[in-house]
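Just below is one structure, and these are the notes that go with it.
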Amino acid sequence: MSGIYGIHHVCIHTPEIEKSIKFYRDVIGFHIIGRETCDFGEYAMMKLNDSLLEIIQPNEQTKNSFGNKGSINHIGLAVQGIEDVWDELRAKKIPLLSKEIEDDDAPMGGLRVIQLLGPSQEHLNLYEWKRKF
2 MSGIYGIHHV CIHTPEIEKS IKFYRDVIGF HIIGRETCDF GEYAMMKLND
52 SLLEIIQPNE QTKNSFGNKG SINHIGLAVQ GIEDVWDELR AKKIPLLSKE
102 IEDDDAPMGG LRVIQLLGPS QEHLNLYEWK RKF
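Each residue of the sequence shown is one higher than the last, beginning at 2 in this note's numbering.
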């Protein structure tokens, strides 16, 4: 079956990734399942039961494009069969930020994504990850 089936993760941008990791690990109970440096900055994916939290410390060149420090940047929805989802959104004439399905090799082993805005201009990313979490 293809389609959107749940929230994949929530993304938080932070000016201090170590401080954020420590808080979400030590206070809330998340654990790190992946961490790397990407072209957009420092990146960590954390997990608590079935919930994923993405923490990004944007680098200087991407700081402004990522929005406010400490802000929730987007809602990541998990997708299976991203091509079918793409076709369905286009058939419904949903305005998309993506010109095509984006295919990236990073972070976390890569993903395919469709970006769009919700009705209140909230940023939604529809993800089909290349690896299972």
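We put the CB at the ideal spot given by N, CA and C, even for glycine. A quick note: this is a predicted structure, and the numbers were derived from the prediction, not measured.
May I ask whether a heavy atom of the ligand SAM can be found less than 6 angstroms away from the beta carbon of Ile8? Here there are no bound small molecules, and the ligand SAM is not part of this structure.
My guess is that Cys12 and Ile73 are in contact by the Cβ rule of under 8 angstroms, so how many angstroms apart are they, rounded? 7 angstroms
With the cut-off set at 7 angstroms, would you say Ile8 and Leu78 are in Cβ contact? yes
Determine the direct distance from the alpha carbon of Phe24 to that of Leu98, and round the result to whole angstroms. 33 angstroms
By DSSP, does Leu90 sit in helix, in strand, or in coil? helix
Mark Gln122 as exposed unless 16 or more other C-beta atoms lie within 10 angstroms of its C-beta, in which case mark it buried. exposed
State the DSSP-derived secondary structure class of Ser21, mapped to helix, strand or coil. helix
Considering Gln81, what are the terminal residues of the beta strand (DSSP E) in which it resides? Ile73 to Gln81
Going by DSSP, what residue range makes up the beta strand (DSSP E) through Leu54? Ser52 to Pro59
Measure the CB-CB distance between Leu53 and His10 and report whether it falls below 7 angstroms. yes
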